[in-house]
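Per our numbering, residue 330 is the first one in the sequence shown, and the count goes up by one each step. For each residue, glycine too, the CB sits at the ideal point set by N, CA and C. Below: the structure, in structure tokens.
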Amino acid sequence: MAVALAAGCTPDASGAGTGTGTGTGTAPAPSSTAPGTAATPDSTPSSTPSASSTDDKPPSPSAPPTTGTPASKPLMGEGTETEQVRELQARLRQLDFFDRAPTGFYGTMTAASVRKFQAHRGLPKTGSVDEKTWQTLLSVTRKPTADELKPSTTNKLDTPDPRCMTGRVMCISKESRTLAWMIDGRVVSSMDVRFGSENTPTREGLFKVEWKAKDWTSTIYHTPMPYAMFFSRGQAVHYSADFAARGYAGASHGCVNVRDRTKLSALFDQVKVGDKVVVYW
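Printed below as a string of structure tokens:
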């Protein structure tokens, strides 16, 4: 066993980080009430017509004529963080309007996805979810499964390479940045991965697991590489604390980094020396 060869890779700090924008909700305009008069939610004339046909209060003289379309109160909007938002994201993902795992937080990306859905269904493109938008979404989607609400990977699994469809194989897609552990064409488990930088790329092709080491330290960079499974001249699948902490803001020096230590530990116990490794776009 050629263990003496230089093996190992460590995170490359050259990767640029990406910020995430979060939106803020629109605060309601303060109501104007006469001194000593208690304000109620319906007591202040709005600059828009009353939403209810049974409302006996006349509209403000400055308000435009009533169009007959009720104004809907938003159920969810930017800044909302609930399990209903998680379901919203999962349902939008079923229709390919949301391209990542549900988080339960309604930020600018969710708002943009909602606007796309509203435009597709001929609804007002507000970016927030009112009752009409919600009911329309419910009517064209199904109840999300537990895995759809809290998927096993942040990234959506890619279509497996044909070489992954037989035998025992770690099927690693650079396109979706995922690793799928497959046996005879069936996905047993999956996890997010990241790869080497432009200067130290992860090699693509068909390989096999050459050797394994549960507790390994890189002989080049002297950094820990837990649950290392070597497949190509020093490149390995292994756990990366840096990936767990910084995500895709960094890169490896060629190894396939995994950030979920628990999942990788279970995979390490299942993978045998000689099992296939396929790395592809």
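Do you know whose CA, among Arg415, Ser442, Met438 and Gly433, lies nearest Asp425's CA?
Start at 1 with the first residue of the sequence shown, and residue 425 comes out as number 96. Out of Arg415, Ser442, Met438 and Gly433, Ser442 has the C-alpha closest to the C-alpha of Asp425.
Residues of its chain near Glu533, where Cβ-Cβ distance is below 8 Å and the 5 sequence neighbours each way are ignored
Taking the first residue of the sequence shown as 1, we reach residue 533 at position 204. Counting only Cβ-Cβ distances below 8 Å, and skipping sequence neighbours, we find Lys503, Val608, Tyr609 and Trp610.
Quick check on Leu467: buried or exposed, where buried means 16 or more other Cβ atoms within 10 Å of its Cβ?
Within the sequence shown, the letter at position 138 stands for residue 467. Exposed, since its Cβ has fewer than 16 Cβ neighbours within 10 Å.
On the criterion of 16 or more Cβ atoms from any shown chain inside 10 Å, does Val602 qualify as buried, or is it exposed?
To locate residue 602, count along the sequence shown from 1; it is residue 273. Per the 10 Å Cβ criterion, exposed.
What do you get for Ile501, buried or exposed, if any count of 16 or more other CB atoms within 10 angstroms of its CB means buried?
One-based indexing of the sequence shown puts residue 501 at position 172. Label assigned to Ile501: buried.
Determine the direct distance from the alpha carbon of Pro530 to that of Phe524, and round the result to whole angstroms.
Taking the first residue of the sequence shown as position 1, residue 524 is located at position 195. Taking the first residue of the sequence shown as position 1, residue 530 is located at position 201. Cα to Cα, Phe524 sits roughly 7 Å from Pro530.
Alpha carbon to alpha carbon, what distance is there between Leu508 and Ser594?
Here residue 594 refers to the residue found at position 265 of the sequence shown. Here residue 508 refers to the residue found at position 179 of the sequence shown. So the alpha carbons of these two residues sit roughly 14 Å apart.
Three-state secondary structure (DSSP) of Arg515:
Translated into positions along the sequence shown, residue 515 becomes position 186. Strand.
Just to check my reading of the structure: Met554 and Trp545 have Cβ atoms closer than 8 Å, yes? What is that Cβ distance to the nearest angstrom?
Taking the first residue of the sequence shown as position 1, residue 554 is located at position 225. Taking the first residue of the sequence shown as position 1, residue 545 is located at position 216. About 5 Å separates the two Cβ atoms, so the contact holds.
Assigned secondary structure, Lys472 (DSSP; H/G/I helix, E/B strand, else coil):
The count along the sequence shown starts at 1 and reaches residue 472 at position 143. Coil at Lys472, not helix or strand.
If you draw a straight line from the C-alpha of Cys584 to the C-alpha of Phe560, how long is it?
The residue given as residue 584 occupies position 255 in the sequence shown. The residue given as residue 560 occupies position 231 in the sequence shown. Going from the Cα of Cys584 to the Cα of Phe560 covers about 10 Å.
Exposed or buried, what is Asp384 when buried is set at 16 or more other beta-carbons lying within 10 Å of its beta-carbon?
Locating residue 384 in the sequence shown gives position 55, counting from the first residue. Because the pLDDT at Asp384 is just 36, under 50, the model does not fix this residue reliably, and the point stays unresolved.
For my contact list, Arg444 and Pro431 are in at a C-beta cut-off of 8 Å; report their separation, rounded to the angstrom.
Counted from its first residue, the sequence shown places residue 444 at position 115. Counted from its first residue, the sequence shown places residue 431 at position 102. Contact doesn't hold; Cβ gap of about 18 Å is too wide.
Quick test of your reading: Ala573 and Ala565, contact by CB under 8 Å. State the CB separation rounded to the nearest angstrom.
The residue you call residue 573 lines up with position 244 of the sequence shown. The residue you call residue 565 lines up with position 236 of the sequence shown. Actually they do not touch by this definition, with Cβ atoms about 17 Å apart.
What residues in its chain sit with their C-beta under 7 Å from that of Gly433, if we drop five residues either side in the sequence?
Taking the first residue of the sequence shown as position 1, residue 433 is located at position 104. For Gly433, where only same-chain residues beyond five positions count, the Cβ hits under 7 Å are Glu410, Thr411, Glu412, Val414 and Arg415.
Nonlocal neighbours in the same chain, by C-beta distance under 7 Å from Tyr568, ignoring five residues either side
Residue 568 sits at position 239 when you count from the first residue of the sequence shown. Excluding sequence neighbours, Tyr568 sits near Pro555, Tyr556, Val587, Arg590 and Leu593.
Looking only at C-alpha atoms, which of Leu486, Lys537 and Thr437 sits nearest to Ser457?
Within the sequence shown, the letter at position 128 stands for residue 457. The residue with the shortest Cα to Cα distance from Ser457 is Thr437.
Pro403 - DSSP class collapsed to helix/strand/coil:
As a working note, residue 403 is residue 74 in the sequence shown. Here Pro403 sits in coil by DSSP.
From the DSSP output, in three-state form, read off Lys605 for me.
Here residue 605 refers to the residue found at position 276 when the sequence shown is read from its first residue. Residue state, collapsed to three classes: strand.
Enumerate in chain order the residues of its own chain whose CB-to-CB distance from Ser505 is below 7 Å, with the five nearest sequence positions on each side excluded.
Residue 505 sits at position 176 when you count from the first residue of the sequence shown. Only Asn484, Lys485, Leu486 and Asp487 meet the Cβ criterion.
Just the Cα atoms here: how many angstroms apart are Val498 and His551?
Within the sequence shown, numbered from 1, the residue matching residue 498 stands at position 169. Within the sequence shown, numbered from 1, the residue matching residue 551 stands at position 222. Whole-angstrom Cα-Cα distance: 29 Å.
Of the residues Asp604, Glu407, Phe597 and Ser581, the one placed nearest Val527, counting alpha carbons only
As a position in the sequence shown, residue 527 is number 198, starting the count at 1. It should be pointed out that residue 527 corresponds to Glu in this sequence rather than to Val. Looking at the Cα atoms, Ser581 is the closest of the given residues.
Tyr435 and Glu460: beta carbons closer than 9 Å?
To locate residue 435, count along the sequence shown from 1; it is residue 106. To locate residue 460, count along the sequence shown from 1; it is residue 131. No; because the gap between Cβ atoms is not below 9 Å, this pair is not in contact.
Excluding the 5 residues preceding and the 5 following Gln423 in the sequence, name in chain order all residues of the same chain whose CB lies nearer than 8 Å to its CB.
As a working mapping, residue 423 is identified with position 94 in the sequence shown. Excluding sequence neighbours, Gln423 sits near Thr470, Arg471, Pro473 and Glu477.
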